[in-house]
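Below is one structure, written out as structure tokens, with a few remarks after it.
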Amino acid sequence: MSEETLAAIVEKPRTQAAIGSLRAEGIYDDDRSVYEASGDTVAIPVTETPVDTDVLEVVREEGEPRLRTLADHLRERGWSEDDIDDAPASWAVLGSVILVEMGDARDPAAVGEALLSMHGQADTVLAREGIDGEHRQPEVTVVAGEGDTETVHCEHGVEYAMDLADVMFSPGNKAERARMGEVVDEGERTLDMFAGIGYFTLPMARAGAQVTAIERNPDSFQYLLENTMRNGVSERVEPYRADNRDVLAAYEGDPFDRIVMGYYEAHEFLPDALSVLAPGGTVHMHEATPETLVPDRPVGRLEDAAAAVGREGDVRDVRRVKGYSEGVCHVVVDATVR
Ligand code: SAM
Numbered sequence: 000m001s002e003e004t005l006a007a008i009v010e011k012p013r014t015q016a017a018i019g020s021l022r023a024e025g026i027y028d029d030d031r032s033v034y035e036a037s038g039d040t041v042a043i044p045v046t047e048t049p050v051d052t053d054v055l056e057v058v059r060e061e062g063e064p065r066l067r068t069l070a071d072h073l074r075e076r077g078w079s080e081d082d083i084d085d086a087p088a089s090w091a092v093l094g095s096v097i098l099v100e101m102g103d104a105r106d107p108a109a110v111g112e113a114l115l116s117m118h119g120q121a122d123t124v125l126a127r128e129g130i131d132g133e134h135r136q137p138e139v140t141v142v143a144g145e146g147d148t149e150t151v152h153c154e155h156g157v158e159y160a161m162d163l164a165d166v167m168f169s170p171g172n173k174a175e176r177a178r179m180g181e182v183v184d185e186g187e188r189t190l191d192m193f194a195g196i197g198y199f200t201l202p203m204a205r206a207g208a209q210v211t212a213i214e215r216n217p218d219s220f221q222y223l224l225e226n227t228m229r230n231g232v233s234e235r236v237e238p239y240r241a242d243n244r245d246v247l248a249a250y251e252g253d254p255f256d257r258i259v260m261g262y263y264e265a266h267e268f269l270p271d272a273l274s275v276l277a278p279g280g281t282v283h284m285h286e287a288t289p290e291t292l293v294p295d296r297p298v299g300r301l302e303d304a305a306a307a308v309g310r311e312g313d314v315r316d317v318r319r320v321k322g323y324s325e326g327v328c329h330v331v332v333d334a335t336v337r
């Protein structure tokens with residue numbers, strides 16, 4: 000027998016505000032999708048009838064009639080099964096923006112329209128073509144919807160404001176963002192050498208760490224500032240818009256308990272990082288590694304860099320964050336350096 004579920008109906012422009020309020024009430028149902036209920040309204044999945052959130056009505060649904068797949072939507076638009084096979088298998092809903100890699104999809108605009116009808120809280124679909132250069136700027140194209148690429152994405156209680164046309168956001172790093180909020184201790188002195196918009200800085204600061212956050216891309220830095228305020232952690236974050244190598248010398252006599260190096264070329268910065276890491280401090284070094292070189296290459300790089308400055312790197316873990324490209328994965332090495 001199908002289960003009965005509840006959805007709160009709200010006017011479209013109120014979608015994000017209502018989701019935020021329903022989350023605060025603790026009744027937003029993350030496991031189901033928001034969908035378009037009519038031309039002007041959306042249905043937001045809830046676990047109970049809202050008390051503090053203003054909604055038009057609460058409806059009962061039998062089963063999951065709206066939880067249809069992208070394939071269903073494309074079939075309805077007359078697509079052949081072969082064309083459906085070439086459509087994207089996954090995408091990310093980041094606030095009001097859907098981020099998707101189109102691959103060989105026949106008609107990206109039609110895929111975008113279908114995704115919009117599946118995710119009522121979204122108003123823009125962005126096709127991601129790649130990430131470019133040392134500032135990690137995304138190459139994206141609006142394929143459907145209003146084209147507003149600025150959004151606020153909420154994840155594990157952290158709000159990330161960003162413009163997805165200007166800054167990167169890796170949906171696949173979600174578990175790692177959450178983990179960084181779990182590993183820090185209250186009051187711990189932490190350095191985020193490649194802070195971006197606050198991917199790791201925000202969860203760590205919310206967990207009580209004192210974070211020195213360095214980011215040199217001006218667009219990302221602006222969002223880093225906005226996000227520290229938005230998440231109420233400005234007092235625990237010391238932000239620098241700079242090249243991290245220009246900042247660290249000032250901390251040599253005042254080292255950090257933990258250093259996060261969230262950049263695929265992080266190993267090149269190990270000497271700088273170790274010069275400001277306290278004895279027994281922890282490093283989280285990220286790397287894009289060919290599968291055949293996991294874990295030896297990142298572990299060797301860390302141990303060699305420590306040995307080069309007369310220290311000992313004790314690798315605790317090598318974790319797989321996500322696939323990076325064919326045969327290459329994104330790993331993070333956790334190490335204690337004595
Ligand atoms: N940690 C992020 C995540 O999980 O998605 C990734 C951040 S992105 C890969 C790396 C960031 O480091 C970019 O925002 C880039 O501008 C910044 N960056 C690169 N080299 C830098 C340097 N030498 N000093 C400061 N920031 C740097």
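The sequence shown begins at 0 in numbering that gives the first Met the number 0 and counts up by one. Glycine included, C-beta positions come from ideal geometry on N, C-alpha and C. Computed from a predicted model, the values in this text were never measured in an experiment.
{"query": "Can you grab the Cα-Cα spacing for the pair residue 27 / residue 53, in whole Å?", "result": "14 Å"}
{"query": "Less than 6 Å between the CB of residue 169 and some heavy atom of the ligand SAM, yes or no?", "result": "yes"}
{"query": "Are the CB atoms of residue 72 and residue 92 within a distance shorter than 7 Å?", "result": "no"}
{"query": "Just mark residue 179 as buried or exposed, buried being the case when its beta carbon has 16 or more other beta carbons within 10 Å.", "result": "buried"}
{"query": "Is any heavy atom in the ligand SAM found nearer than 6 Å to the beta carbon of residue 258?", "result": "no"}
{"query": "Roughly how far, in whole angstroms, is the beta-carbon of residue 157 from the beta-carbon of residue 201, given that I think they are within contact range, below 8 Å?", "result": "5 Å"}
{"query": "Determine whether the Cβ of residue 70 lies closer than 7 Å to any Cβ atom of chain C.", "result": "Given the protein chain composition of this structure (a single chain), no chain C is represented."}
{"query": "Let me know the secondary structure DSSP gives residue 101 once reduced to three states.", "result": "coil"}
{"query": "Counting Cβ pairs closer than 8 Å, one from the segment 297 to 315 and one from the segment 246 to 254, do we hit at least three?", "result": "no"}
{"query": "Tell me the DSSP bridge mates of residue 7?", "result": "43, 57"}
{"query": "Using C-beta distances below 6 Å, list every residue in its chain close to residue 94, excluding the 5 sequence neighbours before and after it, in chain order.", "result": "150, 151, 152"}
{"query": "Quick check: what's the CA-CA separation for residue 164 versus residue 187?", "result": "34 Å"}
{"query": "Note down, in chain order, each residue of its chain lying with its Cβ closer than 8 Å to the Cβ of residue 14, except the 5 sequence neighbours on either side.", "result": "33, 41, 43, 95, 119, 120"}
{"query": "For my contact list, residue 172 and residue 57 are in at a C-beta cut-off of 8 Å; report their separation, rounded to the angstrom.", "result": "Not quite, the Cβ-Cβ distance comes to about 35 Å (not below 8 Å), so this is no contact."}
{"query": "With a floor of 4 residues, list each alpha helix (DSSP H) that falls wholly inside the segment 249 to 279, ordered by position along the chain.", "result": "269 to 273"}
{"query": "Exposed or buried, what is residue 189 when buried is set at 16 or more other beta-carbons lying within 10 Å of its beta-carbon?", "result": "buried"}
{"query": "Taking the continuous alpha helix (DSSP H) assigned at residue 294, which residues delimit it?", "result": "Residue 294 -> no alpha helix (DSSP H), and no H or E assigned at all."}
{"query": "In whole angstroms, give me the CA-to-CA distance for residue 303 and residue 113.", "result": "51 Å"}
{"query": "Going straight from the alpha carbon of residue 0 to that of residue 146, what length do you get?", "result": "The pLDDT assigned to residue 0 is 39, lower than 50, so where the model puts this residue is not dependable; a value taken from the coordinates is nonetheless given after this. If you take the alpha carbons of residue 0 and residue 146, they lie about 41 Å apart."}
{"query": "Does at least one heavy atom of the ligand SAM sit under 6 Å from the Cβ of residue 219?", "result": "yes"}
{"query": "Whose C-beta lies closer than 8 Å to the C-beta of residue 116 among residues of the same chain, with five residues either side of it excluded?", "result": "34, 35, 72"}
{"query": "Here's the rule: buried if 16 or more other CB atoms are within 10 angstroms of the residue's CB, otherwise exposed. What is residue 356?", "result": "Absent from the structure is residue 356, since the part of the chain shown begins at 0 and ends at 337."}
{"query": "What is the C-beta distance between residue 288 and residue 330, in whole angstroms, given that I count them as a contact (C-beta under 8 Å)?", "result": "5 Å"}
{"query": "In terms of residues, what are the limits of the beta strand (DSSP E) holding residue 219?", "result": "Looking at the DSSP string, residue 219 is not in any beta strand (DSSP E); the run it does join, the alpha helix (DSSP H), is 217 to 229."}
{"query": "Using C-beta distances below 6 Å, list every residue in its chain close to residue 162, excluding the 5 sequence neighbours before and after it, in chain order.", "result": "148, 149"}
{"query": "Cutting at 7 Å between CB atoms, please list the residues of its own chain near residue 230, excluding the five before and the five after it.", "result": "157, 158, 201, 205"}
{"query": "Please state if the CB of residue 89 and the CB of residue 166 are separated by a distance shorter than 7 Å.", "result": "no"}
{"query": "Using 8 Å for Cβ pairs, my map puts residue 160 next to residue 108. What's the rounded Cβ distance?", "result": "Wrong, their Cβ atoms sit about 27 Å apart, outside the cutoff."}
{"query": "Note down, in chain order, each residue of its chain lying with its Cβ closer than 7 Å to the Cβ of residue 66, except the 5 sequence neighbours on either side.", "result": "Note on residue 66: pLDDT 47, under 50, position unreliable in the model; the coordinate value appears next. Same-chain partners within the cutoff: 31, 32."}
{"query": "Identify, in the order they occur along the chain, each residue of the same chain with its Cβ nearer than 7 Å to the Cβ of residue 272, setting aside the five sequence neighbours on each side.", "result": "192, 258, 260, 282"}
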